[in-house]
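In this note's numbering, the protein residues as written are 3 to 338.
Just so you know, even glycine gets a beta-carbon here, dropped at the ideal spot from N, CA and C.
What you are looking at is a predicted structure, and each value in this text was computed from that prediction instead of being measured.
Take a look at the structure below.
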Amino acid sequence: MYNSKIIGLGKYVPDNVVTNDDLSKIMDTNDAWITERTGIKERRWVKEGSGDTTATMGVKAAKMAIERAGISKDDIDFIVFATLSPDMYFPGPGVQVQHALGIKTVGALDVRNQCSGFIYALSVADNFIKTGMYKNILVIGSELHSHGLDKTTRGRGVSVIFGDGAGAAILTREENNKKGILSTHLHSQGEHAEELVLKAPGMGTRWVNDILADNNEDDESYFPYMNGQFVFKNAVVRFSEVIMEGLMANGLQKEAIDMLIPHQANLRIAQFIQNKFGLTNDQVFNNIQKYGNTTAASIPLALTEAWEEGKINTGDTVVLAAFGSGFTWGSAIIKW
Ligand code: UT7
């Protein structure tokens, strides 16, 4: 059995900055509400005509990660791509990355799992490496939310929160099993599937022809819905549980955490977890202020920036944790 370790990180965000004040011009919202409830000051929204898509943003982040890893694209044995906003209904963006990077015909796996998508993707990659099946795996989280949000006052409870962007990591084999990804922990609770959901189009709900036939402008089924307070209450409990689960599985106490990178759902959630685990501001990395919630991209985007800012060093215990739609949640404990 091997371990896996991250040897390269990359990111990409669209140029177009949308501030809270910009949003207050198109819907009934304001900077004070958004800042107080979420910590978000601005987000990136892809500009029409820019050519950015979930797949192309993922490719740009991947290129940076490959270069920083010091490997060639031809060394990549497998691709895992996490997103809830694929360019096409099918196939998923993994194969678009394989093609765009000109990688030989390696496997490409698409992961759903929304806000927990990157942790799930990382777990899959880690376990493929642990068994010896693959040596170098490209893991991507990328989202283009802005195209599918209800940008009117009706949708303000959701649309002010989400942003576009991508992050990527290269995982490789590590022979020392005390280094790299020590463990990952994944959970789900489908009874709450409809508390954070985008129902249509779906084969089991309403397909595109049903939506067109109804021609009902009050139809909200093709916009994301979130029961915000219920999600918030579950998030703080599950984040804490799954971080503790990861620490305990490795015989670690909370004092061992050098850096916690929580999924960037809401700055208030991150601060709650920070207080609960007694961590300082330097031990928790947040960039939701700049990017909003980028779902599967949020952890690799934050991990990349924390690393770029020199906040993650060799030997550090780094904890990643996420919670979101499904509900799904998970954590990863990494010895950097
Ligand atoms: O990433 C996946 C996981 N997601 C999460 O973890 C998100 C968890 N939930 C949250 O972060 C928070 O619940 C939100 C930030 C989404 C909302 O904050 P809240 O404190 O729960 O607000 P609320 O939904 O209870 O709404 C309070 C009020 C309502 O008005 P009334 O009914 O009190 O008059 C809303 O209509 O705020 C109103 N409101 C807004 N006002 C200005 C909702 N959205 C907005 C807005 N601007 N954008």
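Return yes when at least one heavy atom of ligand 1 lies under 6 Å from the C-beta of residue i, else no.
| i | result |
| --- | --- |
| valine 286 | no |
| glutamine 231 | yes |
| glycine 192 | no |
| glycine 204 | no |
| tryptophan 47 | no |
| arginine 39 | yes |
| valine 162 | yes |
| glycine 2 | Residue 2 falls outside the range modelled here, since the chain spans only 3 to 338, and no answer is possible. |
| arginine 240 | no |
| arginine 114 | no |
| asparagine 277 | no |
| arginine 158 | yes |
| asparagine 268 | yes |
| phenylalanine 92 | no |
| leucine 133 | According to the sequence displayed, residue 133 carries threonine and not leucine. Result no, Cβ not under 6 Å from ligand 1. |
| arginine 143 | It is worth fixing the name first, because residue 143 is glycine in this sequence and not arginine. Every heavy atom of ligand 1 is 6 Å or more from the Cβ of glycine 143, so no. |
| glycine 119 | no |
| threonine 31 | yes |
| phenylalanine 234 | yes |
| glycine 332 | no |
| alanine 1 | In this structure the chain extends from 3 to 338, so residue 1 is not present and cannot be described. |
| glycine 165 | no |
| alanine 195 | no |
| tryptophan 35 | yes |
| glycine 326 | yes |
| alanine 57 | no |
| threonine 251 | Note on residue identity: the sequence assigns alanine, not threonine, to residue 251. Result no, Cβ not under 6 Å from ligand 1. |
| alanine 237 | yes |
Does the Cβ of residue i have 16 or more other Cβ atoms within 10 Å, making it buried, or fewer, making it exposed?
| i | result |
| --- | --- |
| glutamate 145 | buried |
| tryptophan 331 | buried |
| valine 239 | exposed |
| alanine 323 | buried |
| leucine 214 | exposed |
| threonine 307 | First, the residue type needs correcting, since residue 307 is glutamate and not threonine in the sequence shown. Buried, by the Cβ-count rule. |
| glutamate 311 | exposed |
| asparagine 5 | buried |
| histidine 187 | buried |
| phenylalanine 130 | buried |
| glycine 165 | buried |
| lysine 27 | exposed |
| serine 74 | exposed |
| threonine 133 | exposed |
| methionine 205 | exposed |
When you compare the CB of residue i with every CB in chain D, is at least one pair closer than 7 Å?
| i | result |
| --- | --- |
| methionine 205 | Protein chain content of the structure displayed is limited to a single chain, and chain D is not contained in it. |
Starting from residue i and walking both ways along the beta strand (DSSP E), at which residues does that stretch end?
| i | result |
| --- | --- |
| tryptophan 331 | 330–337 |
| aspartate 112 | 109–113 |
| methionine 66 | Careful: methionine 66 lies outside any beta strand (DSSP E), inside the alpha helix (DSSP H) at 56–71. |
| lysine 13 | 5–14 |
| proline 95 | Element bounds for proline 95: not the beta strand (DSSP E) but the alpha helix (DSSP H), 95–102. |
| serine 144 | 138–145 |
| leucine 173 | 167–176 |
| arginine 46 | 44–46 |
| alanine 324 | 319–326 |
| valine 162 | Premise fails: valine 162 is in no beta strand (DSSP E) and is neither H nor E. |
| serine 190 | 182–190 |
With a CB to CB cut of under 7 Å and the five nearest residues on each side skipped, what residues in its chain are close to residue i?
| i | result |
| --- | --- |
| valine 340 | Nothing about residue 340 can be read from this structure; the chain reaches only from 3 to 338. |
| serine 161 | Leu151, Asp152, Lys153 |
| tryptophan 309 | Leu11 |
| aspartate 23 | Asp33 |
| alanine 272 | Pro264, Val286, Asn288 |
| asparagine 252 | Leu184, Ser185, Ile335 |
| alanine 202 | Arg208, Ile213, Ser223, Tyr224 |
For the alpha helix (DSSP H) that residue i lies in, which residues bound it at each end?
| i | result |
| --- | --- |
| aspartate 33 | 33–40 |
| serine 125 | 119–132 |
| threonine 2 | This structure leaves residue 2 out entirely; the chain is present only between 3 and 338. |
| valine 210 | 210–216 |
Considering only residues of the same chain and omitting the five flanking positions on each side of residue i, which have a CB-CB separation below 8 Å?
| i | result |
| --- | --- |
| cysteine 117 | His265, Ala267, Asn295, Thr297, Ala298, Ser300, Ala324, Phe325, Gly326, Ser327, Thr330 |
| glycine 159 | Met228, Gly230 |
| lysine 65 | Gly12, Leu103 |
| asparagine 218 | none |
Only counting the same chain, and skipping five residues up and downstream in sequence, which positions put a Cβ closer than 6 Å to that of residue i?
| i | result |
| --- | --- |
| phenylalanine 279 | Lys256 |
| proline 226 | Val160, Leu200 |
| valine 15 | Arg46, Gly167 |
| alanine 63 | Gly12, Lys13, Tyr14, Ala168, Gly169, Ala170 |
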